[in-house]
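Enquirer: Protein chains in written order, with the working numbering: chain Y, 1 to 305; chain L, 306 to 553. Before we start, here is the structure in question, set down as structure tokens.
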């Protein structure tokens with residue numbers, strides 16, 4: 001896949017890969033990936049489990065070597081920080097010590113103020129002097145982020161940062177990522193598409209090790225999704241589903257809740273002229289009809305399905 | 306906080322230093338006593354059979370100490386070293402370190418040096434205990450020979466930790482590292498079956514403390530000391546090279 005070239009006058013991308021491939025004992029984990037991560041972006045790498053997301057990120061941070069292709073980084077390795085999906089530290093280190101150690105590993109001068117500021121920013125100020133061995137999963141995730149942020153990275157690589165968190169923890173992590181937008185380029189892998197849609201301005205979709213799409217999130221949502229409508233009905237509506245599915249301009253009918261159908265159509269024009277008539281003919285008790293909000297999940301399923 | 310301080314904390318907070326100090330000191334205090342009273346101890350279990358042993362000498366006390374400490378004590382050293390040197394487990398923790406340092410030696414050096422220094426300190430502590438008890442129970446030991454013997458045995462311990470580092474570059478978990486390192490250290494003396502190698506092997510240094518105490522000339526230990534130094538350097542280089550290439 002050819003990556004979109006940066007527009008004239010744009011800063012060069014922070015990360016570029018060319019024909020990146022990785023094979024594990026005959027199994028292709030990545031194939032011919034041309035990734036372009038714009039400087040200052042929040043780039044979401046999405047894909048199902050086993051798509052190659054972690055392998056891709058591991059190669060970018062130098063933890064794995066590619067079998068083929070090349071990686072060009074517009075930043076020194078020391079300025080890249082990785083947060084794995086389940087951060088782990090020596091359990092007898094306090095949160096303060098972990099953050100201070102993370103600073104020293106990238107040769108930043110010791111600074112108690114900077115360490116305290118990072119702990120406050122990640123909501124760990126109250127646990128600063130506790131050994132991390134007793135931390136919950138959410139606190140460890142925050143500590144992973146704190147350790148990454150302590151190094152004042154130019155590129156922050158987050159591998160499934162919210163995958164195992166409760167809703168509040170997930171919200172916190174996404175807020176932190178949003179806060180970092182602008183100052184730090186963020187590469188964010190996830191299979192939670194709602195998260196990606198919320199925080200990422202650029203998206204790459206991986207499946208079976210191949211990059212199926214890469215570009216701005218808004219372009220993906222605007223250009224790739226088939227038009228759809230949400231129809232609110234009073235149940236029962238089995239007959240309505242049959243009638244809609246029989247219509248030649250209907251692509252897909254899905255139940256989207258107890259009183260809703262999501263109707264994906266071949267063309268907006270056809271739907272606008274035929275949808276109401278078809279519902280009326282089927283005897284549907286219509287409460288409301290509205291264009292369906294395009295979400296990443298549907299685009300993703302269309303691209304990878 | 307830095308990687309050297311981290312290793313110091315590892316020793317303190319995982320209580321590894323207690324395990325090291327305790328095992329060396331225990332055998333240091335036990336060796337000369339058991340040498341002094343071996344005949345009486347055996348007689349208690351021998352029943353009607355009369356047990357007669359040659360009179361114990363100061364060297365016998367050291368022999369008892371080293372015989373125990375270089376088996377059980379060395380296993381404790383390998384376990385402590387493996388715990389520190391298995392830095393690719395768990396993978397998430399390894400990612401924290403490896404994604405932030407450019408050269409693996411930055412990670413390896415403090416782990417190797419701190420464990421080696423702690424091991425040598427524990428050995429010196431145990432040997433001082435054994436020396437004191439030997440003097441009290443069995444007689445004097447030559448000071449110069451003792452100091453040189455401690456230095457040479459410490460060199461062997463540094464070699465043993467380097468063997469552990471090399472093993473850690475082959476396998477990842479402490480449970481796998483320890484038997485491989487122990488197997489290699491057991492295999493080293495077997496090389497002595499090849500005639501010309503016998504006088505060069507690092508394991509010769511294990512006998513240096515007793516040997517020097519009974520009058521073996523120090524020059525006898527020059528060749529194994531040189532080879533042990535070289536082998537230690539090569540093992541560390543090998544470990545760094547392999548760990549540097551290892552993928553997570």
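Every residue, glycine too, gets a C-beta built ideally from N, C-alpha and C.
Looking at C-beta atoms only, is the number of pairs between the region 94-101 of chain Y and the region 140-152 of chain Y that lie closer than 8 Å three or more?
Expert: yes
Enquirer: Note down, in chain order, each residue of its chain lying with its Cβ closer than 7 Å to the Cβ of residue 251(Y), except the 5 sequence neighbours on either side.
Expert: 226, 264, 265 and 266
Enquirer: Comparing C-alpha positions only, which one of 308(L), 527(L) and 477(L) sits nearest to residue 416(L)?
Expert: 308(L)
Enquirer: Report all residues from its chain with a CB closer than 7 Å to the CB of residue 8(Y); omit the five preceding and five following residues, and keep chain order.
Expert: Interpretation of residue 8(Y) is limited by its pLDDT of 39, a score under 50 that renders its predicted location unreliable; the figure taken from the coordinates is listed afterwards. Excluding positions up to five away in sequence, the list is empty.
Enquirer: Using DSSP with H/G/I as helix, E/B as strand and the rest coil, what is residue 353(L)?
Expert: coil
Enquirer: Report yes or no: do the region 357-370 of chain L and the region 390-403 of chain L share at least 3 C-beta pairs separated by less than 8 Å?
Expert: no
Enquirer: What did DSSP end up calling residue 85(Y) once you bin it into helix, strand or coil?
Expert: Three-state DSSP puts residue 85(Y) in coil, outside helix and strand.
Enquirer: Taking C-alpha atoms, which residue in 64(Y), 68(Y), 88(Y) and 145(Y) lies nearest to residue 156(Y)?
Expert: 145(Y)
Enquirer: In chain order, what residues of the same chain have a beta carbon less than 8 Å from the beta carbon of residue 49(Y), not counting five sequence neighbours either side?
Expert: These residues qualify, in order along the chain: 191.
Enquirer: Using a Cβ cut-off of 8 Å (strictly closer), state whether residue 474(L) contacts chain Y.
Expert: It does not; no Cβ of chain Y falls within 8 Å.
Enquirer: Taking Cβ-Cβ distances below 9 Å as the criterion, which residues of the region 375-407 of chain L are in contact with chain Y?
Expert: 395, 396, 397, 398, 399, 400, 401, 402, 403, 404, 405, 406 and 407
Enquirer: Output the boundary residues of the beta strand (DSSP E) element that contains residue 254(Y).
Expert: Run containing residue 254(Y): 250-255, per the beta strand (DSSP E) assignment.
Enquirer: Who does residue 188(Y) pair with in a DSSP beta bridge?
Expert: The partner list for residue 188(Y) (beta bridge, DSSP) reads 44(Y) and 158(Y).
Enquirer: Are the beta-carbon atoms belonging to residue 31(Y) and residue 85(Y) less than 8 Å from one another?
Expert: no
Enquirer: Please confirm whether residue 86(Y) has its beta-carbon closer than 8 Å to some beta-carbon of chain L.
Expert: Residue-level contact check: residue 86(Y) touches chain L, since one or more beta carbons of chain L fall below 8 Å from its beta carbon.
Enquirer: For residue 486(L), which residues in the same chain have their Cβ closer than 6 Å to its Cβ, ignoring the five residues on either side in sequence?
Expert: 383, 468, 469 and 472
Enquirer: Starting from the beta carbon of residue 58(Y), find every residue of chain L whose beta carbon is closer than 7 Å, and list them in chain order.
Expert: 553
Enquirer: Indicate whether at least one CB of chain Y lies closer than 8 Å to the CB of residue 343(L).
Expert: no
Enquirer: By the criterion of Cβ-Cβ separation under 8 Å, what are the contact partners of residue 100(Y) in chain L?
Expert: In chain order: 306.
Enquirer: Using the Cβ count rule (16 or more neighbours within 10 Å means buried), how would you classify residue 370(L)?
Expert: buried
Enquirer: Per the DSSP calculation, residue 214(Y) is bridged to which residue(s)?
Expert: 204(Y)
Enquirer: On the DSSP bridge list, what partners appear for residue 341(L)?
Expert: Paired residue(s): none; residue 341(L) is not in a bridge.
Enquirer: Applying a beta-carbon distance threshold of less than 9 Å, which residues of chain L neighbour residue 97(Y)?
Expert: 306, 310, 311 and 314
Enquirer: By Cβ distance, which residues of its chain are closer than 6 Å to residue 292(Y), with the 5 residues on each side in sequence left out?
Expert: Non-local C-beta neighbours of residue 292(Y) in its own chain, meaning closer than 6 Å and more than five positions away in sequence, comprise 228, 229, 230 and 262, ordered along the chain.
Enquirer: Which residues in the same chain as residue 297(Y) place their Cβ atom closer than 6 Å to its Cβ, once the five residues preceding and following it in sequence are excluded?
Expert: 193
Enquirer: Assuming residue 533(L) is part of the alpha helix (DSSP H), what are its boundary residues?
Expert: 527-550
Enquirer: Taking C-beta pairs closer than 8 Å, name the residues in chain Y that residue 556(L) reaches, listed in chain order.
Expert: Nothing in the structure corresponds to residue 556(L), since chain L is present only between 306 and 553.
Enquirer: When you compare the CB of residue 65(Y) with every CB in chain L, is at least one pair closer than 8 Å?
Expert: yes
Enquirer: Among 381(L), 514(L) and 403(L), which residue has its Cα nearest to the Cα of residue 64(Y)?
Expert: 403(L)
Enquirer: According to DSSP, which residues form a beta bridge with residue 392(L)?
Expert: Paired residue(s): none; residue 392(L) is not in a bridge.
Enquirer: So, residue 474(L) versus residue 543(L), is the Cβ gap smaller than 8 Å?
Expert: yes
Enquirer: Given this structure, state the Cα-to-Cα distance separating residue 260(Y) from residue 215(Y), to the nearest angstrom.
Expert: Computed Cα separation, rounded: 31 Å.
Enquirer: Keeping to the same chain, check which residues put their C-beta closer than 8 Å to that of residue 323(L); ignore five residues upstream and five downstream.
Expert: none
Enquirer: Between the beta-carbon of residue 329(L) and the beta-carbon of residue 452(L), is there less than 8 Å?
Expert: no
Enquirer: With the cut-off set at 8 Å, would you say residue 303(Y) and residue 237(Y) are in Cβ contact?
Expert: no
Enquirer: Counting only Cβ pairs nearer than 8 Å, list the residues of chain L close to residue 232(Y).
Expert: The premise fails here: residue 232(Y) is roughly 46 Å from chain L at the closest Cβ pair, so nothing lies under 8 Å.
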